[in-house]
Amino acid sequence: MEKIEVKELLEAGVHFGHLTRKWDPNMAPYIYMERNGIHIINLYKTAAKLEESSEALRKIAASGKKILFVATKKQAKDIVAEKAGAVTMPYITERWPGGMLTNFVTIRKAVKKMTAIDRMKKDGTFLTLSKKERLQVDRLRAKLEKNLGSISDMTRLPGALFVVDIKRESIAIREAQKLNIPIFAMVDTNSDPREVQYVIPANDDASKSIDKVLSIVTSAIADGLSERKSDKTEKEEKVEKKEKKAVTKKVVADEEE
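What the sequence shown shows, in the numbering used here, is residues 130 to 386, in sequence order.
Following this line, the structure appears as structure tokens:
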């Protein structure tokens, strides 16, 4: 797992909070001081919480469950798409589709519709449609891809949610809470940390800060995935050895007869 250096968090500007007048008093335990009307986050606490969150995310990835990343703010979109995509985790960077978790069956139907359109294009059915119909289907496919493309491989509810800016993604937070899905989040000084189980006190507005935190957590997820792959290979090898042993035993027994 990537070692968390306080110096690197400082260089990425993870410590910059919001204006003091915009603060949430529940963030007090994570605030180090106030400077020029801005709250400064205690990076030693950030590092400790990041370590705790990374370890928990590693275990979830190793168990084979998906972690859904949610970040629809402009400065986080591309970073989340790149980092989550690199570890084959689903992500939402456009508008949160209402009922994404609480009405997952309906969302899956929309994803299946996207798959059906792709099938139509492969088997030639698409070409039998009129020009107007083809245009409508293409528009629908583009819309579905934009909103749901990154979750097309998510066949069941995620094992956890990772959120950048819990105030902005309040609907996603509420849905996860209803279903008791663990929530990991970058929480700035203007937010209520009691909303999530795994709090990472951090600047959720600057792209450098978001990039740094995401690099650390996705590195832990990658470790979890490698661990799972290694365990799977080990199990397969054991099964193979067992089968070979059984075959050898049978051959010996047959020869003895």
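The beta-carbon is built from N, C-alpha and C at its ideal position, and this holds for glycine as well.
Nearest-angstrom Cβ-Cβ length linking aspartate 334 and aspartate 321, presumed shorter than 8 Å | The Cβ separation is near 17 Å, so there is no contact.
Take the Cβ of glycine 146 as the centre, count every other Cβ of all protein chains shown within 10 Å, and call the residue buried at 16 or more, exposed below.
-> By the 10 Å Cβ count, glycine 146 comes out buried.
Please work out which residues of its chain come closer than 7 Å, Cβ to Cβ, to threonine 175, disregarding the five sequence neighbours upstream and downstream, and give them in chain order.
-> Result list for threonine 175: Leu138, Val143, Ile329, Pro330 and Ala331, in chain order.
For the region 218–230 and the region 192–206, state whether three or more C-beta atom pairs, one from each stretch, are separated by less than 8 Å.
-> Contact between the region 218–230 and the region 192–206 is present, with at least three C-beta pairs closer than 8 Å.
Rounded Cβ spacing between methionine 229 and isoleucine 236 (contact assumed at less than 8 Å) = Between isoleucine 236 and methionine 229 the Cβ distance is about 6 Å, and since that is below 8 Å, they are a contact.
Using three-state DSSP, classify glycine 146 as helix, strand or coil.
-> In this structure, DSSP gives glycine 146 an extended state, which the three-state scheme calls strand.
Would aspartate 267 be called buried (16 or more neighbouring beta carbons within 10 Å of its own) or exposed?
-> So aspartate 267 counts as exposed.
Mind listing, in chain order, the continuous beta strand (DSSP E) runs of no fewer than 3 residues lying wholly within the region 161–205?
-> Taking only runs of at least 3 residues, the beta strand (DSSP E) segments lying wholly in the region 161–205 are 167–170 and 196–199.
In the DSSP assignment, find the alpha helix (DSSP H) that holds leucine 290 and state where it starts and stops.
-> Unbroken run through leucine 290 is the beta strand (DSSP E), 289–293; no alpha helix (DSSP H).
Beta carbon of serine 279, beta carbon of glycine 227: below 9 Å?
-> Not a contact, by the Cβ cut-off of 9 Å.
Count the other CB atoms, across all protein chains shown, that sit within 10 Å of the CB of methionine 162; report buried if there are 16 or more and exposed otherwise.
-> By the 10 Å Cβ count, methionine 162 comes out exposed.
Among the residues of its own chain, which have a CB less than 6 Å from the CB of lysine 212, if the five just before and after it don't count?
-> So the list reads Leu343 and Thr347, once near-sequence residues are dropped.
Nearest to aspartate 282 by CA position, among Glu262, Leu197 and Glu356, is which residue?
-> Taking only the C-alpha atoms, the option nearest aspartate 282 is Leu197.
Kindly list the residues whose CB is nearer than 7 Å to the CB of valine 135, restricted to its own chain and excluding five residues on each side of it in sequence; keep chain order.
-> For valine 135, same chain residues with a beta-carbon under 7 Å away, outside a window of 5 residues either side, are Leu172, Tyr173 and Ala176 in chain order.
Contact check, aspartate 352 vs alanine 190, beta carbons under 9 Å = Less than 9 Å separates the beta-carbon of aspartate 352 from that of alanine 190.
N-terminal and C-terminal residue of the alpha helix (DSSP H) that alanine 314 is part of = According to the DSSP assignment, alanine 314 belongs to no alpha helix (DSSP H) but to the beta strand (DSSP E) extending over 312–316.
Just tell me which of Ala301, Lys341, Ser359 and Asp360 has its CA closest to the CA of isoleucine 133.
-> With distances taken between Cα atoms, isoleucine 133 lies closest to Lys341.
In chain order, what residues of the same chain have a beta carbon less than 7 Å from the beta carbon of asparagine 155, not counting five sequence neighbours either side?
-> Only Asp321, Pro322 and Arg323 meet the Cβ criterion.
Beta-carbon spacing of valine 293, isoleucine 345 below 9 Å | Going by C-beta atoms, valine 293 is not nearer than 9 Å to isoleucine 345.
Can you tell which of Thr149, Asp153 and Glu180 has its C-alpha closest to the C-alpha of glycine 166?
-> Considering only Thr149, Asp153 and Glu180, the residue with the shortest C-alpha distance to glycine 166 is Thr149.
Taking the CB atoms as reference points, tell me whether serine 192 and phenylalanine 313 lie closer together than 9 Å.
-> Serine 192 is not a Cβ neighbour of phenylalanine 313, given a cutoff of 9 Å.
On the three-state DSSP scale, how would you describe isoleucine 350?
-> Here isoleucine 350 sits in helix by DSSP.
Outcome for arginine 285 when other beta-carbon atoms lying within 10 angstroms are tallied against a minimum of 16 = Under this definition arginine 285 is an exposed residue.
For the beta strand (DSSP E) containing valine 328, list its first residue and its last residue.
-> Its beta strand (DSSP E) spans residues 327–330.
Just the C-alpha distance for leucine 273 and arginine 248, rounded to the nearest angstrom, thanks.
-> If I take the Cα positions, the gap works out to 15 Å.
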